Amino acid sequence: MIFHEWLPTAVIGALLGLHWIGIRKTSETTKEDIIKHDAEFSLRLDRQLDLIKANQLKKLDTEVHLLLCRNSMLETKLAFQEMLKKEFSTLSDKIDDLERHVKKTNGEYDGQMDRRK
7 MIFHEWLPTA VIGALLGLHW IGIRKTSETT KEDIIKHDAE FSLRLDRQLD LIKANQLKKL
67 DTEVHLLLCR NSMLETKLAF QEMLKKEFST LSDKIDDLER HVKKTNGEYD GQMDRRK
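Residue 123 is where the sequence shown ends in the numbering used here, and the numbering goes up by one at each step.
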């Protein structure tokens, strides 16, 4: 991951260095040569920057996609948990009803509805 963070800076630095060397290596450089060299360098630099931007956009697009997938998974998990809570609550109520029924049938129920005592 660290490689991707400093790579764009290294590429731009290398291009700047090559640009500087390209201008200085000839002793008979004219103003037109410098302007031409600068224009070529600007085009190369613009292409590199466009590639870097495109790669960054792809990376961001991938991260957004992963976050959306994770969000969807979390929503599904929450919906499943809510469903389980409802089912557990229903089962718990049914178990309580069965316990009351068994105790009432056995005569052990001490609730207000038991009038035999």
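In this text, a Cβ means the ideal position worked out from N, Cα and C, and glycines have one as well.
Quick caveat: nothing in here was measured; it's all calculated off a predicted structure.
Selected residue, minimal CA-CA separation from residue i, among the options
i      : options                          : result
Phe-47 : Leu-104, Thr-111, Ile-18, Leu-63 : Ile-18
Ala-20 : Leu-51, Gln-62, Asn-77           : Leu-51
Straight-line gap, residue i to residue j (C-alpha atoms, nearest Å)
i       : j       : result
Cys-75  : Asp-56  : 28 Å
Arg-53  : Thr-36  : 26 Å
Gly-113 : Asp-103 : 15 Å
Asp-39  : Lys-59  : 30 Å
Lys-83  : Asn-61  : 33 Å
Glu-81  : Asp-99  : 27 Å
Arg-106 : Leu-97  : 14 Å
Phe-94  : Val-108 : 21 Å
Lys-65  : Leu-49  : 24 Å
Pro-86  : Ala-16  : Going by the sequence as given, residue 86 is Phe instead of Pro. Roughly 49 Å between the two C-alpha positions.
Ala-101 : Glu-88  : The question names Ala, but residue 101 in the sequence shown is Ile. If you take the alpha carbons of Ile-101 and Glu-88, they lie about 20 Å apart.
Ser-78  : Glu-69  : 14 Å
Contacts around residue i, its chain only, beta-carbon distance under 7 Å, and the 5 residues preceding and following it disregarded
i      : result
Asp-67 : none
Range of the contiguous alpha helix (DSSP H) that encloses residue i
i      : result
Thr-96 : 37-112
Other residues of its chain near residue i: CB distance less than 8 Å, five sequence neighbours each side excluded
i     : result
Leu-1 : Within the shown structure, residues of the chain are numbered from 7 to 123, placing residue 1 beyond reach of any answer.
Contacting residues, own chain, Cβ-Cβ under 6 Å from residue i (five flanking each side not counted)
i       : result
Asp-120 : Because the pLDDT of Asp-120 is 44, which lies under 50, any placement of that residue in the model is unreliable, and the number read from its coordinates should be weighed accordingly. So the list is empty, once near-sequence residues are dropped.
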